[in-house]
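The structure appears below as structure tokens.
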Amino acid sequence: MCALNRWIVVTTLVLVRSAVGLPDDLPTRQPESKSPASVVSFDGNRSFSASELRDSLNRDSSFLLACHPLGDPDALASVIEQRLTAGYRTSGFAEVAIRCQRDVSGETWNVAIDEGKQYRCGRVLIRGAQQMDVSKLRQRLTEPYPNEDTFASFVVVNGETQTRWVDEKGKQADLEDPVWKIGEPVKLDKERALSRACQTAISDLGFSGSLNTVSIQCDPDTETASMIVDIINEGEPTRIAEIDIDGLYEYSPASVAKYLGVKSGDAVNREIMQEFTRRLWQSGRFKNQNVRFEMASGSTLSVRVEEIAGVPGLDQALSENAKVFLRAGQWVAEAIARGDDMEIVSSLQGYSFRLIQSTQGLLAEAKGPSHEKLSLLVDAEQLLFNHSSHPQMLRFSPAAAGGYIKYGLSIGAASDSTQYQSLNFNGSIGGPLEAGDSPLQFVCSNSPSDWLPFAFKEDSDFQMRDGQLVTQHEAVTLAIDVDSGRIDQWTSEMGATRFVSGAFEAARQSLLEQVATKPNAFDSLRPLSSSLSYLLSEPVVDFSLTLAAHQEEPITPIDPELVSAIRKLVEGGVLGIGDAFVVSLQQQNRSKRFVIPNDEKPPKDWKQIALRWVGQGIVRYAPDLFAEETWPMQLARQTGFIAMGSTEHTQELLARLLRDENNGPLCYASAAILLSYVSQDAAKVFAKRSLDVMNLDAFQRDFETLQAATPVSAAAKMMSSLQRLNSSEVEALGRCCKDDSKRDWLHLLYEFSQLQATDEASFVYQMAEEPLRESMRRTLER
């Protein structure tokens with residue numbers, strides 16, 4: 004292993020081992036947070052809890068920067084007042100008064116709050132409009148709306164044609180929050196942002212050259228605020244100068260423009276572009292269609308399409324068979340809407356499968372030859388996973404954590420010419436759940452382009468029999484009622500698809516009865532670990548591997564030693580950091596009613612954005628990891644401030660570290676490495692000091708400082724879980740490493756996990772001395 008890799012490994016060992024205690028020493032609950040805002044107390048906060056106010060301060064960069072221990076306490080008090088005032092005004096408190104004073108002990112800050120009245124968004128008054136539709140502008144300002152970089156798309160959802168907005172890659176995009184949400188707290192001091200948002204809204208209506216001003220008027224009697232839009236100059240309607248149609252190979256641009264009924268000089272707005280998209284979608288000839296108006300490129304209407312091969316042209320009438328298949332797609336959507344369940348059953352080499360989709364939920368089952376069964380249930384109350392031979396089930400509720408489950412199955416003709424039909428399952432778990440939304444969001448979607456290609460599939464036989472269109476394609480038989488589009492038969496050599504009522508509820512009740520006495524394996528404090536531990540359990544893994552071996556293309560066998568190793572790591576807590584992160588996200592989602600606005604202009608470079616975000620996290624969480632006044636705490640915190648863009652107090656802090664004779668080579672080497680990204684001269688000073696004090700005694704003092712500074716954490720669980728592995732399991736993990744350095748890193752971590760506490764410092768020093776000296780010498784030579 005090269006010296007650099009050894010240095011990385013040893014540094015990791017030191018940081019990880021500093022967190023390790025014996026398994027019996029692991030805490031049963033999280034210690035009280037020592038975040039920067041934990042020293043701030045509140046009085047008079049009627050609308051928001053102290054926890055909500057502290058959480059917002061801990062997310063605010065101005066507050067975090069002002070919290071530097073070497074900073075001015077009076078300046079910190081002023082920052083607290085300013086930032087909390089900004090947060091309260093963003094929540095509609097126009098007359099809020101906040102006073103922050105330092106406690107007599109000098110260690111805490113007391114904040115007195117007089118909230119005053121809270122104003123909520125009321126009416127929208129629009130003055131000066133001549134041509135534009137005022138009602139549509141008011142609607143655009145008070146309802147969710149699509150981002151300007153998204154495109155309209157259409158689907159038939161539960162029997163209704165709905166508009167969805169997608170990005171350039173076709174991924175569904177969320178709507179933006181209303182500019183002015185009636186009944187919600189008004190965001191004061193945001194007139195400029197409101198004016199820009201109003202200008203965008205007016206441009207969407209087709210008047211991109213208009214001029215306007217926006218003001219907010221608060222009424223103390225009604226405790227509401229009015230948004231007043233003054234149209235100074237409405238301008239002329241926006242018009243199309245050029246039309247650019249791309250993605251065609253069968254059709255001509257002229258034929259598409261004629262089909263849309265559009266020409267240069269026509270007026271254009273977002274509603275018109277949405278109608279163009281709907282017409283292209285309704286034709287069934289295109290898999291994707293995006294319509295955009297680009298002012299910057301000469302007022303160009305840009306149309307991007309993806310044709311479907313084998314279907315008639317836009318100027319050709321559809322055959323009777325094609326019309327029947329379009330009616331079938333509509334009937335499927337309407338069947339789901341009226342409460343029918345879609346049930347798909349199939350079998351394969353002794354295994355049987357059942358999938359039921361309903362507006363009430365989804366249930367999937369796989370049964371083996373020995374009658375063992377793997378089941379998944381999704382409904383408004385839960386997501387439940389069960390193996391019949393497992394003593395436990397896995398069940399959790401995304402809604403209880405403030406989230407939702409979105410699911411659905413789209414069915415239609417396969418785009419692959421070698422296949423006949425396709426079933427595409429779409430499912431996700433997300434959050435937070437908005438007020439009034441259901442925790443279970445069912446989406447059964449299809450479009451004309453999903454069903455029209457059925458009528459033109461090669462090697463298909465079509466016959467009209469007694470009012471039915473009967474299609475035979477290899478082993479697939481599809482019988483459709485000509486008049487209604489009702490699907491009377493859909494079978495293949497593997498199974499059948501049918502639409503029946505009550506199937507989901509019957510299967511759901513049967514499963515719930517089967518698991519009624521089983522304990523739940525899910526742990527809300529270990530959401531990732533407990534879920535993955537269940538999925539990696541022997542019954543589930545064995546069933547899945549056996550099933551996979553019976554597929555037409557069996558998967559590569561998985562090493563049982565590898566599965567055992569991963570199982571032990573997960574059960575030992577290797578995902579502890581991920582668990583803590585998920586839990587913290589849930590807590591943040593619950594405490595985001597109070598938000599301090601960030602008026603800083605964000606960096607354009609995503610790396611700078613990420614660096615600033617990491618810096619905020621370090622400053623926020625370092626007090627929970629390290630003891631105050633220790634060199635790990637001082638270096639970690641200053642690193643966070645530098646990442647956030649502030650170098651204030653850096654020289655004073657470094658001078659203190661140099662003056663402290665108790666610091667050793669680890670402290671000075673860490674400082675040298677960090678300073679190498681900022682100042683080579685300063686890095687050389689610390690590199691030389693590290694070499695000067697490089698001995699076992701000084702190293703051991705630094706090592707003990709780390710151990711004393713860092714409480715037991717997820718890293719301790721990772722090391723204790725490594726201790727449980729045997730050599731065969733470690734070798735199995737090593738075979739997953741793509742290069743020798745990662746494999747060496749794993750073996751060194753495993754070897755280190757087996758040590759007794761008395762051996763740690765000398766072992767680490769033995770491993771670290773050579774790469775540490777080499778790294779510091781290279782720093783001096785730069």
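One point on numbering: in my numbering, the residue at position 187 of the sequence shown is 190, and numbering is uninterrupted. Glycine residues also receive a C-beta, built at the ideal position from the N, C-alpha and C atoms.
Please classify residue i as buried or exposed, where buried requires at least 16 other C-beta atoms within 10 Å of its C-beta.
i, result
"ARG780", "exposed"
"PRO2", "The shown model of the chain, from 4 to 785, leaves out residue 2, and the question about it has no answer."
"ASP152", "exposed"
"THR708", "buried"
"ASP180", "exposed"
"SER778", "buried"
"ASN449", "buried"
"PRO774", "buried"
"ILE612", "exposed"
"LYS266", "exposed"
"VAL107", "exposed"
"THR421", "exposed"
"GLU368", "buried"
"TRP634", "buried"
"ASP742", "exposed"
So, helix, strand or coil for residue i, using DSSP?
i, result
"ARG727", "coil"
"HIS652", "coil"
"HIS393", "coil"
"ASP382", "strand"
"GLN710", "helix"
"MET298", "coil"
"GLU118", "coil"
"CYS670", "helix"
"HIS476", "strand"
"SER487", "coil"
"TYR786", "As shown, the chain starts at 4 and ends at 785. That puts residue 786 outside it, with no answer to give."
"ALA312", "coil"
"ILE246", "strand"
"TRP493", "strand"
"LYS370", "strand"
"GLN757", "coil"
"LEU2", "Nothing can be reported for residue 2, as the shown portion of the chain is limited to 4 through 785."
What span of residues does the alpha helix (DSSP H) with residue i cover, start to end?
i, result
"ILE275", "273-286"
"ASN61", "53-61"
"GLN142", "137-145"
"GLU535", "According to the sequence as given, residue 535 is Leu; it is not Glu. Counting along the chain, the alpha helix (DSSP H) containing LEU535 begins and ends at 530-538."
"GLN619", "609-628"
"VAL201", "According to the sequence shown, residue 201 is Cys rather than Val. Element bounds for CYS201: 194-207."
"SER211", "SER211 -> no alpha helix (DSSP H), and no H or E assigned at all."
Could you say which of the options lies nearest to residue i if we only look at CA atoms?
i, options, result
"SER64", "LYS172, ALA40 and GLU773", "ALA40"
"ALA115", "ALA100, ILE129 and ASP106", "ALA100"
"GLY332", "PHE289, TRP454, ARG242 and HIS393", "TRP454"
"VAL327", "LEU365, ALA482 and LEU550", "ALA482"
"ASP58", "GLY90, ILE234, SER361 and ARG130", "GLY90"
"ASP318", "ILE359, ALA257 and SER373", "ALA257"
"SER441", "VAL566, TYR410, GLU541 and GLN726", "TYR410"
"SER504", "ARG242, LEU140 and ASP343", "ASP343"
"GLU226", "ALA519, VAL294 and TYR122", "TYR122"
"ASP822", "TRP284, TYR624, GLN683 and ARG126", "For residue 822 there is no data in the structure shown, the boundaries of the chain being 4 and 785."
"LYS261", "TYR252, VAL271, GLU274 and ILE246", "ILE246"
"LEU699", "VAL543, MET230, TYR768 and ARG738", "TYR768"
"PHE296", "ILE339, GLY264, ALA244 and LEU263", "ALA244"
"ASP462", "ALA69, THR474 and GLN134", "THR474"
I need the boundaries of the beta strand (DSSP E) containing residue i, first residue and last residue.
i, result
"PHE328", "First-last for PHE328: 323-340, but that is the alpha helix (DSSP H), not the beta strand (DSSP E)."
"MET467", "463-468"
"CYS221", "214-222"
"TYR680", "Looking at the DSSP string, TYR680 is not in any beta strand (DSSP E), and its letter there is neither H nor E."
"MET636", "No beta strand (DSSP E) contains MET636, which is instead part of the alpha helix (DSSP H) from 634-646."
"SER355", "354-361"
Is the region 674-693 in contact with the region 532-541, if contact means three or more CB pairs nearer than 8 Å? They do not touch, by the three-pair rule.
Would you say the region 307-318 touches the region 368-388, given that touching needs at least three Cβ pairs under 8 Å? In short, these stretches do not touch, since the Cβ pair count stays below three.
Just checking, does the region 675-687 make contact with the region 636-650 on the three C-beta pairs under 8 Å criterion? The region 675-687 is in contact with the region 636-650.
Taking contact to mean 3 or more Cβ pairs, one atom from each stretch, closer than 8 Å, check whether the region 491-504 and the region 337-356 are in contact. Yes, the region 491-504 touches the region 337-356.
The region 663-671 in contact with the region 71-87 per 3-pair CB rule at 8 Å: Not touching, per the Cβ criterion.
Counting Cβ pairs closer than 8 Å, one from the region 515-529 and one from the region 391-400, do we hit at least three? Result yes; three or more Cβ-Cβ pairs closer than 8 Å.
On the three-pair Cβ rule with 8 Å, is the region 564-573 touching the region 504-515? Three or more beta-carbon pairs separated by less than 8 Å are not found between the region 564-573 and the region 504-515, which leaves the two stretches without contact.
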